[in-house]
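Engineer: Reminder that position 72 of the sequence shown reads as 1520 in my numbering, one-by-one numbering, no gaps.
Where a beta carbon is used, it is the ideal one built from N, C-alpha and C, also for glycine.
The structure follows.
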Amino acid sequence: MQLWGSLAFALGLLSSAQARNVTANFDILSYNDVYEMLQDTVEGIKLGGPSRVVPIAKGMRETNPNTLVLFAGDTVSPSLWSTQFNGQHMVKAHNAIGLDFASLGNHEFDFGLENFMNVSLASDFPWLNANCYESATGQLLRGTVPNAVKNLTDAKNGHISIGLFGVMYDMKDTSKGLYWKDPIAVAREQVAALQAQKVDFIIAMTHQDLADDNRLSKEVAGIDFIIGGHDHTSMLQTNYGTPYLKADFDFRSIWQSHIEYYAADANNDRTSLMTHKAIPIVESMPTDNNLDAIIATYQAQMDALEEQIIGNLCEDLDLSQSVVRSEDCKIGHLFADAALQYYGNGSADIAVMNGGGIRGDKVLSAGPLSLGEVLSWSPFGNTLMTIQTNGASLKLFLNHEMVGNCGANVIQQNGFYVHPSGFNYTYTCTGTGAGKVSSLTWLNHPTKTGDIADTDEFVMALSNYLYTTEFAVIDGVSATVKVTEAEAERVDSALEAYVSKLNNGTVCLPNELRSSVSF
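See the structure below:
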């Protein structure tokens, strides 16, 4: 879809531009939502890594000095490394790539405002932000500027003055000491300010969901191009108004855009011809030696950290796949409890974890528990979303997940065995591949007891994987996403925090039955 979209947009402008002399050519490398310095493994293929982007950026600048590198937000968190380095490791990556401008994302504030100030100070590039303000002062967030002008000049590719500004969505989170002005209204103000400076071309850098970028694209005149983030999905959209694109995340792919700019003349208005190409970042691509050395230094620190003892098991803990995929177990309770406790203080009522999301496949002996051991239980990089749902939908979800455990009078292994926190359930098999929930009750809820009624409304924490691939595709379920995949904390980070605080690091899990399968 992306390549066809770029071709159609380019051809749509070609007829009006082909008889005119090009005023300037410039190129853009753009990316967003990057948290990892190492490659991710996706369906057996290694993707991403900023070290592979550095040679691409250098090559683009060698080919055309009129090149911009732009980043549309979310980098300070979440990742395993971010919890240790507070996002400074990713600043090193952006600096190595030669980033020209960044805009804010929601995860820039995960470690507080002062931490963001440190990130901004370490950045060799400006952070563009026109709508995020500090509550204490009523002033624009420190360490940011609302807009910037970049003049590109090259003997071969011409001269162009580019205006840029940044906006993000309203997080509606007063706990961060911030508030946000309406992105649409602010965008109009920024366009006017940049037009007053006589720029030739205006780029909006956004961090908001697809619907908000659609609105911006249609409702704000004067923007020539939108580069966005937040959705974790690579896309190019030219159907609404101003064209916009977003990369996926973690440098799994980047966008290359080539723009031919035609200034207004006696017979024509100014116009542009744009072509765009999504570039997957694969393992075979060359890396940058200098950034590789920086990454190796951070990796050595993480290796040492993972040897740290963060808890002590008072008894053996069974992580066998045959157990986590077929029966109620303590490690399942631990995962689900970690998710629920992460969203404490009334932000979630229950939590679920699927057995296939628990790795290790061994019986871990009682004794010291290392950080590396805990992190190995959840190697996927999944995050913990929350959704508003109801009892009827929870039953539909459990029926959908647990039916795989129903064999011929025997419980089968099933990667979607549901481990709960905050509720109990019994699933009754009526035959091979057939069954339904036969009981569903509240467990240890501060205000709710007894059976969970179909009409009961509550907030459930679950992994992004479990929501997007399972819950969201079940017919008849009701769900309103409260904490999105892009906003959420990683499962492994929540586990680390929970184990570290559990009885001062002493992991003694109670003997209790929360789920069962009957015939």
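For S1665 and N1512, I'd like the C-alpha separation in whole angstroms.
Structural biologist: Their backbone Cα atoms lie some 28 Å apart in a straight line.
Engineer: What did DSSP end up calling M1653 once you bin it into helix, strand or coil?
Structural biologist: Note: M1653 maps to strand in three-state DSSP.
Engineer: For Q1487, which residues of its own chain have a beta-carbon under 7 Å away from its beta-carbon, when the five flanking residues on both sides are left out?
Structural biologist: K1494, L1495, G1496, G1497, E1731
Engineer: Counting only the same chain and skipping the five closest in sequence on each side, list residues whose C-beta sits under 6 Å from that of F1559.
Structural biologist: N1534
Engineer: Answer with buried or exposed for V1615, where buried requires no fewer than 16 other C-beta atoms within 10 angstroms of its C-beta.
Structural biologist: buried
Engineer: Kindly list the residues whose CB is nearer than 6 Å to the CB of D1902, restricted to its own chain and excluding five residues on each side of it in sequence; keep chain order.
Structural biologist: Taken in chain order, the residues that qualify are G1839, A1840.
Engineer: Taking only the alpha-carbon atoms, compute the straight-line gap between E1775 and S1964 and give it to the nearest angstrom.
Structural biologist: E1775 and S1964 have their C-alpha atoms spaced approximately 7 Å apart.
Engineer: Mind checking which residues open and close the alpha helix (DSSP H) that includes D1940?
Structural biologist: 1939-1949
Engineer: If you draw a straight line from the C-alpha of K1624 to the C-alpha of N1563, how long is it?
Structural biologist: 12 Å
Engineer: Is it true that the segment 1563-1582 meets the segment 1540-1553, where meeting means three or more beta-carbon pairs spaced less than 8 Å apart?
Structural biologist: yes
Engineer: Roughly how many angstroms lie between the CA atoms of A1799 and F1906, to the nearest whole one?
Structural biologist: The straight-line gap separating the alpha-carbon atoms of A1799 and F1906 is approximately 11 Å.
Engineer: Using the beta-carbon count (16 or more within 10 Å), is P1958 buried or exposed?
Structural biologist: With fewer than 16 other Cβ atoms within 10 Å, it is exposed.
Engineer: Span of the alpha helix (DSSP H) holding Y1915?
Structural biologist: 1912-1917
Engineer: Do three or more CB pairs link the segment 1512-1524 to the segment 1732-1739 at distances below 8 Å?
Structural biologist: no
Engineer: Helix or strand or just coil, what does DSSP make of P1631?
Structural biologist: helix
Engineer: Within 10 angstroms of its Cβ, does L1528 collect 16 or more other Cβ (buried), or is it exposed?
Structural biologist: buried
Engineer: Please classify S1869: is it buried, with 16 or more other beta-carbons within 10 angstroms of its beta-carbon, or exposed?
Structural biologist: buried
Engineer: Can you tell me which of the three DSSP states N1857 falls into?
Structural biologist: Residue state for N1857 is assigned as coil, using DSSP reduced to three classes.
Engineer: What did DSSP end up calling K1620 once you bin it into helix, strand or coil?
Structural biologist: Coil, per DSSP.
Engineer: If I'm right that A1942 touches A1786 with Cβ under 8 Å, what's the distance once you round it to whole angstroms?
Structural biologist: 5 Å
Engineer: Assuming G1591 and M1565 form a contact by the criterion Cβ under 8 Å, report the distance between their Cβ atoms to the nearest whole angstrom.
Structural biologist: 5 Å
Engineer: Look at the Cβ atom of W1825, then the Cβ atom of G1808, and state whether they are nearer than 9 Å.
Structural biologist: yes
Engineer: For A1784, which option in A1882, Q1769, E1763, I1806 has the closest C-alpha, if you only look at C-alpha atoms?
Structural biologist: I1806
Engineer: For L1832 and L1761, which I take to be in contact (beta-carbon distance under 8 Å), what is that distance rounded to the nearest angstrom?
Structural biologist: At roughly 23 Å, the Cβ-Cβ gap does not stay under 8 Å, so L1832 and L1761 are not in contact.
Engineer: Quick one: using the 10 Å Cβ neighbour count with 16 as the cut-off for buried, is E1935 buried or exposed?
Structural biologist: buried
Engineer: Residues in the same chain with beta-carbon distance under 8 Å from Y1710, minus the five sequence neighbours each way, listed in chain order, please.
Structural biologist: For Y1710, where only same-chain residues beyond five positions count, the Cβ hits under 8 Å are A1465, R1468, N1469, V1470, T1471, N1716, R1718, T1719, S1720, L1721.
Engineer: On the CB-based measure, 16 or more other CB atoms within 10 Å of its CB, does E1960 come out buried or exposed?
Structural biologist: Counting Cβ neighbours within 10 Å, E1960 comes out exposed, since fewer than 16 surround it.
Engineer: Ignore the nearest five residues each way along the sequence and tell me which others in Q1392's own chain have a CB closer than 8 Å to its CB.
Structural biologist: Residue coverage of the chain in this structure runs from 1449 to 1967, which leaves residue 1392 outside it and unanswerable.
Engineer: Rounded C-beta distance between G1759 and V1947? I'm assuming under 8 Å.
Structural biologist: 5 Å
Engineer: Are there 16 or more other CB atoms within 10 angstroms of the CB of N1951, so buried, or fewer, so exposed?
Structural biologist: Looking at its Cβ environment, which holds fewer than 16 other Cβ atoms inside 10 Å, N1951 is exposed.
Engineer: Label E1755 either buried or exposed according to how many other C-beta atoms from any shown protein chain fall within 10 Å of its C-beta, with 16 as the threshold for buried.
Structural biologist: exposed
Engineer: From this set, S1770, C1877, G1689, G1794, which residue's C-alpha is nearest P1894's C-alpha?
Structural biologist: Selection S1770, C1877, G1689, G1794 evaluated against P1894 yields G1794 as nearest (Cα-Cα).
Engineer: With DSSP collapsed to three states, give me the class of T1735.
Structural biologist: coil
Engineer: Straight-line CA distance for S1813 to W1890?
Structural biologist: 32 Å
Engineer: Among A1882, I1610, G1879, P1691, which one has its Cα closest to the Cα of T1601?
Structural biologist: I1610
Engineer: Using a Cβ-Cβ cut-off of 7 Å (strictly less than) and excluding sequence neighbours within five positions of G1507, which residues of its own chain qualify?
Structural biologist: Once the five neighbours on either side are set aside, G1507 has no close Cβ partner at all.
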